[in-house]
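J.: Take any residue in the sequence shown, count from 1 to its spot, add 14: that is its number in my numbering.
This structure is in structure tokens; I'll ask about it shortly.
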Amino acid sequence: RHPRTSPPNWRNPIMTRKQTNSPIWLDLPEEHDYPAAASYLSLTLPRKKVANVVASLRKAKIVHFKAKDIFRASGLSLLGISNSHVEKDRKKILKGVSLSPLLLVRAPELRKVIVADGYHRLCAVYGIDEDALIPCKIA
């Protein structure tokens, strides 16, 4: 082929927006995420139950779920970039700043999963790539 008609870097796969802006994750949640999860959970659960759930989250191993699946399981609404916290996390993703994994709690009695910490991160990731695998701890 004539060089002018060949696409640039024709031997390399073309990078899509999803691939170039994939979130980078910390290996483990940050320490301050656990008290944040406890604060949120204490709105609906007794204090002793919250302490047990947070202890379980600390011991849990990291697992991965797609952003869209977490949203479906949680029943939460997607916050857009008009939310300042979502926009802040979206900018972190675009700059390559590592994000903290999510903390999730199974609520079988509600047939849902509770996003105990990381809702804004989840929304930011979903806005960039709904199929992105998100590291989570789940209790």
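From the three backbone atoms N, C-alpha and C, an ideal C-beta is built for every residue, glycine too.
Identify which residue in L147, I107, A153 and S88 has its Cα closest to the Cα of I95.
T.: Comparing Cα-Cα distances from I95 to each of L147, I107, A153 and S88, the minimum goes to I107.
J.: Given I128, which residues of its chain have a CB within under 6 Å of its CB, disregarding the five upstream and five downstream residues?
T.: Hits under 6 Å: V119 and A121.
J.: Inspect the beta-carbon positions of I76 and P49 and report whether they are closer than 8 Å.
T.: Contact: no.
J.: Three or more C-beta pairs closer than 8 Å, one from the stretch 131-141 and one from the stretch 77-94: is that the case here?
T.: Short answer: they touch.
J.: By Cβ distance, which residues of its chain are closer than 8 Å to A65, with the 5 residues on each side in sequence left out?
T.: Excluding residues within five positions, the ones whose Cβ falls inside 8 Å are A52.
J.: State buried or exposed for V100, treating a residue as buried only when at least 16 other CB atoms are found within 10 Å of its CB.
T.: Buried, by the Cβ-count rule.
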